[in-house]
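In full-length UniProt numbering, the protein residues as written are 1 to 301. Even glycine gets a Cβ: it sits at the ideal position worked out from N, Cα and C. Bear in mind the structure is a predicted one, so any value in this text is a computation, not a measurement.
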Amino acid sequence: MTRFAVLLCVALLFPAQKPPAPSNLTIDFGEKSFNMFWDSVPGVAGYNVYTRPDIKTKIRTRINPILITSGPHFTYIWNMENGKRVRKIKGYSHMLSVTAVCSTNNAAVESAYSTELNNGYFDGFKKVTSWGAIAPVLRKSQACDTLPVPKHVNNGERFTAFIEGPGRITATLIKQAIDPLQEGGCEPISTMLITLLNEWDLYAYKIEGLFIREFHSFVVINVDNVEYVMDYAADQFVPDVSPVIFPRDFCFLDGKGKLAASGKPVYQVAKVISPEQSTLSDKQSSEVYRTIMTKVLASKK
Numbered sequence: 001m002t003r004f005a006v007l008l009c010v011a012l013l014f015p016a017q018k019p020p021a022p023s024n025l026t027i028d029f030g031e032k033s034f035n036m037f038w039d040s041v042p043g044v045a046g047y048n049v050y051t052r053p054d055i056k057t058k059i060r061t062r063i064n065p066i067l068i069t070s071g072p073h074f075t076y077i078w079n080m081e082n083g084k085r086v087r088k089i090k091g092y093s094h095m096l097s098v099t100a101v102c103s104t105n106n107a108a109v110e111s112a113y114s115t116e117l118n119n120g121y122f123d124g125f126k127k128v129t130s131w132g133a134i135a136p137v138l139r140k141s142q143a144c145d146t147l148p149v150p151k152h153v154n155n156g157e158r159f160t161a162f163i164e165g166p167g168r169i170t171a172t173l174i175k176q177a178i179d180p181l182q183e184g185g186c187e188p189i190s191t192m193l194i195t196l197l198n199e200w201d202l203y204a205y206k207i208e209g210l211f212i213r214e215f216h217s218f219v220v221i222n223v224d225n226v227e228y229v230m231d232y233a234a235d236q237f238v239p240d241v242s243p244v245i246f247p248r249d250f251c252f253l254d255g256k257g258k259l260a261a262s263g264k265p266v267y268q269v270a271k272v273i274s275p276e277q278s279t280l281s282d283k284q285s286s287e288v289y290r291t292i293m294t295k296v297l298a299s300k301k
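And the structure:
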């Protein structure tokens, strides 16, 4: 028997063992990139990172074009599609996992997938357009400091009626008319929202600040002495979640990317603007927002 035949028999009798799956995957979630870290697996040649954009299926797509050999870390910014770099962070869902790869008998052997983490920032707070969705969000008290502006306490029943009526109409019209990835769209959407709230005798403030590290505009409203974030432009971060409404106490991201009471600051306030200080511009680019407002106001009659 030749040496090659012996090696072949050994390989068939003793197939390569899979390395253990990487553990302790953590992700520094951002708007334009994800920094991923996990525990090193001894003796492996490298790692692969996978995303599962469609949470309804189990189909995973490998992100890294070549094996990751620099260590147990990876910064995810783009995918390779048809030989081109395509950004796939902002406005996309991601279920992220990692595998370890070893090389045995000139063959790559891949581990099972690690624990999966995702950028579903708004799980539990998404598509708040009905009583069934808003009821679990409402709180009786607030732990964080209130905004340093005159307090306007709004009635809970009136607020809920807005969410189920004109708020739902507004969200639907936004989805039909506005590209969620349109740069700067959050600012006129927030202006429009506080104006409409005012029309229904609800007083709210427009906020200019940050979503993690990027500029973002959203709305804060005080309902029965508890402040809530209202974000009708949240689809730019994860598709099909708007409108998002949650207590200001939950303006942080935990280690799994979920809104939480502590962790990494996500909805950060830089400037507070009252309805009296905020109006849509006269530019042609604002026409779509004025049209939406006109349609929503028509529902009041």
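Practice item. Give the range of the beta strand (DSSP E) segment to which arginine 52 is assigned. Key: Counting from 1 along the sequence shown, the entry for residue 52 is found at position 52. Counting along the chain, arginine 52 falls outside any beta strand (DSSP E), and DSSP gives it neither H nor E.
Can you tell which of Leu138, Arg52, Thr57, Ala100 has the C-alpha that lies nearest to the C-alpha of serine 40?
What you label residue 40 is simply residue 40 of the sequence shown in a count that begins at 1. Closest by alpha carbon: Ala100.
Inset, instruction - Determine the direct distance from the alpha carbon of glutamine 277 to that of tyrosine 113, and round the result to whole angstroms. - result: Position 113 of the sequence shown, counted from the start, is the residue given in the question as residue 113. Position 277 of the sequence shown, counted from the start, is the residue given in the question as residue 277. Approximately 52 Å between the Cα atoms of the pair.
Next item on the list: Specify the secondary structure class of leucine 13 as computed by DSSP and reduced to three states.
Entry: On the sequence shown, position 13 is the one that residue 13 refers to. In this prediction, leucine 13 scores a pLDDT of 42, lower than 50, which makes its location untrustworthy; the coordinate-derived value is nonetheless stated afterwards. Helix, per DSSP.
- Message: DSSP three-state label for proline 106, please.
- Response: For the purposes of this step, residue 106 is taken as residue 106 along the sequence shown, with counting starting at 1. Looking at the sequence shown, residue 106 is not proline but asparagine. In the three-state reduction of the DSSP assignment, asparagine 106 falls in the coil class.
Notebook entry, point to check: With a cut-off of 8 Å, do at least 3 Cβ pairs link the region 114-123 to the region 147-156?
Noted result: no
Quiz item: If we ignore side chains and look at the alpha-carbon of each, how far apart do valine 153 and glycine 257 end up?
Solution: Here the question's residue 153 lines up with position 153 in the sequence shown. Here the question's residue 257 lines up with position 257 in the sequence shown. If I take the Cα positions, the gap works out to 31 Å.
Do the region 54-71 and the region 241-257 make contact, defined as three or more Cβ pairs closer than 8 Å?
Two segments are said to touch when three or more pairs of C-beta atoms, one from each, lie closer than 8 Å; by this definition the region 54-71 does not touch the region 241-257.
Within its chain, find whatever has a CB closer than 8 Å to the CB of residue 353; leave out the 5 residues flanking it on each side and keep chain order.
-> It is not possible to answer for residue 353, since the shown part of the chain is limited to 1 through 301.
Problem set entry | Counterpart residues of isoleucine 204 in DSSP-defined beta bridges | Reading the sequence shown from its first residue, position 204 is the one you call residue 204. Looking at the sequence shown, residue 204 is not isoleucine but alanine. Paired residues: Ile221.
* **For glycine 209 and serine 190, the rounded distance between their alpha carbons** => Here residue 190 refers to the residue found at position 190 when the sequence shown is read from its first residue. Here residue 209 refers to the residue found at position 209 when the sequence shown is read from its first residue. The alpha-carbon atoms of serine 190 and glycine 209 are separated by roughly 12 Å.
Give every residue of the same chain whose Cβ lies closer than 7 Å to the Cβ of leucine 12, excluding the five residues on either side of it in the sequence, and list them in chain order. Start at 1 with the first residue of the sequence shown, and residue 12 comes out as number 12. Residue placement at leucine 12 is poorly supported in this model, since its pLDDT is 43, which falls under 50; the coordinates are not used for a value here.
- prompt: Taking the Cβ atom as the reference point for each residue, do leucine 193 and valine 226 lie within a distance shorter than 8 Å?
  reply: Start at 1 with the first residue of the sequence shown, and residue 193 comes out as number 193. Start at 1 with the first residue of the sequence shown, and residue 226 comes out as number 226. No, the pair does not count as a contact, with Cβ atoms beyond the cut-off.
According to DSSP, what are the bridge partners of proline 247? What you label residue 247 is simply residue 247 of the sequence shown in a count that begins at 1. Proline 247 is bridged to Tyr228.
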